[in-house]
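Participant:
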Amino acid sequence: MREQILTIIDTNGKLSEISLGQYQKQKLVLGRDESICDIVMTDAIVSKIQGTMLLENGRLMYQDEDSRNGTFLGLGSGRRLLAKQDGMVEVYDKDILCIGNLQQSRNRVLLLYSVSEKREVWKWKPLSREVITIGRDSSNDICLPGPGISRVHCRIGSIQGACVLEDSGSVNGVLVNGERVTGRRKLQDKDVIQILGFQLLFCQNGIYYKTAPEGISLQVRDVTKEVGKGSKKKRILNHVSCEIEGNEFVAIIGGSGAGKTTLMNAISGFEPDFAGKVYCNGTDLVEHFQMLKNMIGFVPQQDIIYENLTLKKMLYYAAKIRMPKDTRASEIEKRILEVLQMVDLVEHQKTYIRKLSGGQKKRASIAVELLADPKLFFLDEPTSGLDPGTEKNLMISLKKLARQQNKTIIMVTHTTANLHLCDKIIFMGPGGRFCFCGNVEEAKAFYQTDDLVNIYNMIAEDPEACERKYRNARQREKNSGTAGERKPIPVKRSKNARFQQFLVLAQRYGELMFHDTQRLLVLLLQPCLIAALLYVVADKDIFKIYESTKSMLFALSCSGIWIGLFNSIQEICKERTIVKREYMANLRLPGYVMSKFVFQFALGGIQAAALTMIFLGLIGKKRAGIFFNNFTMEMFLTVWLTVLAAIALGFVLSAMVRSGDKAMAAAPFVLIIQLLFSGILFQLKGAGKLISYFTVSRWSVEALGSIAKLNRLDLKLQKDYPMLEHEAEAFFKAAKGHVVQCWGILLLMTVVCLVVSMISLRRIAKDRR
């Protein structure tokens, strides 16, 4: 049974907690007069009759009764409630009412409203020491358990007689009165400190706190979204306003094109380009998203797991990326076990994910998100493709998570069979119209039907009428705001944290590569087969005759480009869903790309060595190079640089497209450009010559030709016509400086392509389903 609780902190810092249900009446009067008021507050700043509360259908409405010192909704930039202008104002779960002057902290009374099934007693920690610490570790003065809390999250100390809060470089930050603390912040009496799901109150010279995180509530106010421009502009969310209380299990349902996923993406904070406001425990979600996002879990429709890892290994790497860098190995191990127990997959922890069933894979994706202990959980069609029995089991698991793990769960679904397990359903109609919010029985009663499917049909037939009917049925319009331009608050990360994440990503990618033995074997055999084929077509006079040598060097260069491009062209796009989710949870894209490149660097070296050594070994030719007595090492280095440049080019393509099919479709076009503008098949002039400067093939062939000293080789007909000579080409100048220049350009192309791939990958946050 959910309980409506009012926590009162008076001007002296004394805290009292009241269950509003104990009065067993709808209308409650607050004030100083004991003979009139139900809730009596004896502070002088409180008027005889301060305000009136109305309790109805689990909602709380408040009206200030022209009090002398006023009632403010919210701290910091809170607004004064005026009886004549505002009337009854809805107070949401985790909202704060302040009586008295917002600027003079000692002359104010705080009223904290919450809705909860479990009530924990507030604890008190006096500031008796010079410095007190708050964090995850039990050695702190205030211990807040949770994988998202840093070992020492923040400190509160005295500086020149004032209490100051200092963030200790925590991963997920600290909010005071809804504003992020950067460095140090002077605390005022009755400041509200927010650390993820924990709320602490600074009063006089002490801290009130609870060791169990509160449930996360959402207030959605007048959310509207339009796409397109001019005459093609289309509204896909139409003034959606609702409240989701802490620890509720909520389903967003409706027909295709009703804006279900769009609404979920908006209220989760992952797509902030909308008008309106979304508040998370009273804090603007979009404005403070960089801090609040670690309280949010998001499971997309596609699985966010790697098929070639065991379930436990997958969770281990996800934990290393998502949990604070000061998390011990034992803490990670413990958290993985806890998460596996939550989703009933303990017995499958050593099973490769590719061997799990569809329902088990979906629960594995949920387990990944549970690692950081998010209190606000979003799932996009988690039951899609599941059989009825598996679907029901998943719904029961989600219900248990909401109740037993203090999580607010919001999901998009098309199925209606098990919606009775949800606390609320939100019906959306075509055009993003908000047609209902309430439980299943209330929905049936409102639309006067015994079957939810009939409601689908009613809304599809006339969404405007259904939207209007529901709005008119509500007692009042909820207050709404409009969202202007929002700038996310940057979160600074240490270079050490970036390097640690790079090491984790590299370790994970290496394990993925070695577990995909069939693909790795193909990649290693490919250069060997190509070398053998090149030998089959090679002229017996190669490296003696100009024409045949030039053609073979061109073929060698193209082989290197082919190998490199197909090594990497699907490496990013095939993981795009996972990368997007990890990017929204603090994945560093440079570290992600480089973690792949270091292994591709090594793989490319092995492939280049196999291609070059086998080919040259088969033809049995040894010639002096530019730098060494034998040109084999120089040829190998050139082919390796060619492969690396092609790998980086493949990363660019893979970062720009959203699927492997699209990447493979673009590959032939890239290869044709390399062929046409290499300068070997055709004599290039004008624009063609300019384009050739940006191709890998041109600089690769140029370096190979210089090392082979093409300009010094005989023409094919020169034996019969001794006077016949070919003109020396600047392309193949056999000089150390020229070869180094070609190598340098290939390296530069590699670096540029890697940077471009990192920049292109930033667009992943805007991916749509």
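Numbering follows full-length UniProt numbering, with no gaps: position 225 of the sequence shown is 225. Ideal Cβ placement from N, Cα and C applies to all residues, glycine included. Computed from a predicted structure; not experimentally measured.
Compare the C-alpha of V670 against each of G650, G13, Y279 and name the closest.
Facilitator: When each option's Cα is compared against that of V670, the closest is G650.
Participant: Comparing C-alpha positions only, which one of D189, R519, L28, N418 sits nearest to I253?
Facilitator: When only C-alpha atoms are compared, the closest one is N418.
Participant: Among V278, A585, L421, Y209, which has the Cα closest to the Cα of M291?
Facilitator: The candidate whose alpha carbon is nearest that of M291 is A585.
Participant: Could you give the DSSP three-state label for M61: helix, strand or coil?
Facilitator: Note: M61 maps to strand in three-state DSSP.
Participant: Indicate whether T383 and T415 have their beta-carbon atoms separated by less than 7 Å.
Facilitator: Against a cut-off of 7 Å, the Cβ pair of T415 and T383 comes out as a contact.
Participant: Can you give me the start and stop residues for the alpha helix (DSSP H) that G429 sits inside?
Facilitator: No alpha helix (DSSP H) contains G429, which is instead part of the beta strand (DSSP E) from 424 to 429.
Participant: Below 8 Å on the Cβ atoms is my contact criterion, and I expect L175 with T7 to pass it. Report the Cβ-Cβ distance as a whole number of Å.
Facilitator: The Cβ separation is near 18 Å, so there is no contact.
Participant: In this structure, how does DSSP classify N238 when only helix, strand and coil are distinguished?
Facilitator: Strand at N238.
Participant: Is Q301 helix, strand or coil by DSSP?
Facilitator: It is coil, neither helix nor strand.
Participant: If I measure Cβ to Cβ from K186 and keep anything under 6 Å in the same chain, skipping five residues before and after, which residues do I get?
Facilitator: The answer, listed in chain order, is A162, V164.
Participant: Rounded to the nearest angstrom, how far is the Cβ of A687 from that of N711, given a contact under 8 Å?
Facilitator: Wrong, their Cβ atoms sit about 27 Å apart, outside the cutoff.
Participant: Can you give the Cα-Cα distance for D303 and M594, rounded to whole angstroms?
Facilitator: One C-alpha to the other measures close to 24 Å.
Participant: Bridge partners for T642 per DSSP, in chain order?
Facilitator: DSSP, once it has assigned bridges, lists no residue as partnering T642.
Participant: Mapping DSSP to helix, strand and coil, what is W122?
Facilitator: Coil at W122, not helix or strand.
Participant: My assumption, with CB atoms under 8 Å, is that residue 801 sits in contact with L524. Please give the rounded CB distance.
Facilitator: Only positions 1 to 769 of the chain appear in the structure, and residue 801 is not among them; the question remains open.
Participant: What runs of the beta strand (DSSP E), each 3 residues or longer, lie entirely inside the stretch 92 to 169?
Facilitator: 96 to 100, 108 to 116, 123 to 126, 131 to 135, 154 to 159, 162 to 167, all fully within the stretch 92 to 169.
Participant: So the candidates are I5, R32, N177, E34; which of them puts its Cα closest to the Cα of G21?
Facilitator: That would be I5, whose Cα lies nearest to the Cα of G21.
Participant: How many angstroms separate the CA atom of F636 from the CA atom of A258?
Facilitator: Looking at the two C-alpha atoms, the distance is approximately 58 Å.
Participant: Tell me, please, which residues DSSP counts as bridged to I18.
Facilitator: Paired residues: L6.
Participant: Nearest CA to the CA of Q349: which residue from G228, S357, L340?
Facilitator: Closest by alpha carbon: L340.
Participant: Okay, do the stretch 606 to 621 and the stretch 671 to 681 touch, 3+ Cβ pairs below 8 Å being the bar?
Facilitator: No, because fewer than three Cβ pairs between the stretch 606 to 621 and the stretch 671 to 681 fall closer than 8 Å, the two stretches do not touch.
Participant: Would the beta-carbon of K260 fall within 7 Å of that of M395?
Facilitator: Contact: no.
Participant: Along the chain, which unbroken stretches of the beta strand (DSSP E) at least 3 residues long are found entirely within the stretch 250 to 288?
Facilitator: Fully enclosed beta strand (DSSP E) runs of 3 or longer: 275 to 280.
Participant: Hey, V299 and E369: beta-carbon distance below 7 Å or not?
Facilitator: Yes, they are a contact pair.
Participant: Quick one: what does DSSP say I489 is sitting in, helix, strand or coil?
Facilitator: Because the pLDDT of I489 is 41, which lies under 50, any placement of that residue in the model is unreliable, and the question is left without a value.
Participant: Helix, strand or coil: which one does DSSP assign to M584?
Facilitator: Helix, per DSSP.
Participant: What ranges does the alpha helix (DSSP H) occupy inside the stretch 291 to 352, keeping only unbroken runs of at least 4 residues that lie completely in it?
Facilitator: Fully enclosed alpha helix (DSSP H) runs of 4 or longer: 311 to 322, 329 to 342.
Participant: CB T408 to CB I216, shorter than 7 Å?
Facilitator: Cβ distance < 7 Å, so T408 and I216 count as in contact.
Participant: Beta-carbon separation of A663 and I561 under 7 Å?
Facilitator: Taking 7 Å as the Cβ cut-off, A663 and I561 do not qualify as a contacting pair.
Participant: In angstroms, rounded to a whole number, what distance separates the CA positions of T224 and H239?
Facilitator: About 5 Å.
Participant: Does the beta-carbon distance from V652 to G604 come in below 7 Å?
Facilitator: Taking 7 Å as the Cβ cut-off, V652 and G604 do not qualify as a contacting pair.
Participant: DSSP has R180 in a bridge; who is on the other side?
Facilitator: In the DSSP output, where bridge partners are listed per residue, R180 has L175.
Participant: Does DSSP put G484 in a helix, a strand or coil?
Facilitator: For G484, the predicted structure reports a pLDDT of 38, less than 50, and the residue's modelled location is therefore unreliable. A value from the coordinates is still provided. G484: coil per DSSP, three-state reduction.
Participant: Which value, in whole angstroms, describes the spacing of the CA atoms of S35 and E582?
Facilitator: Between S35 and E582, the C-alpha separation is close to 58 Å.
Participant: With DSSP as the reference, please indicate the residues paired to M53 in a beta bridge.
Facilitator: According to DSSP, which records beta bridges pairwise, M53 is partnered with L28, Y62.
Participant: Just how far apart, CA to CA, sit P527 and W640?
Facilitator: Their Cα atoms are separated by approximately 12 Å.
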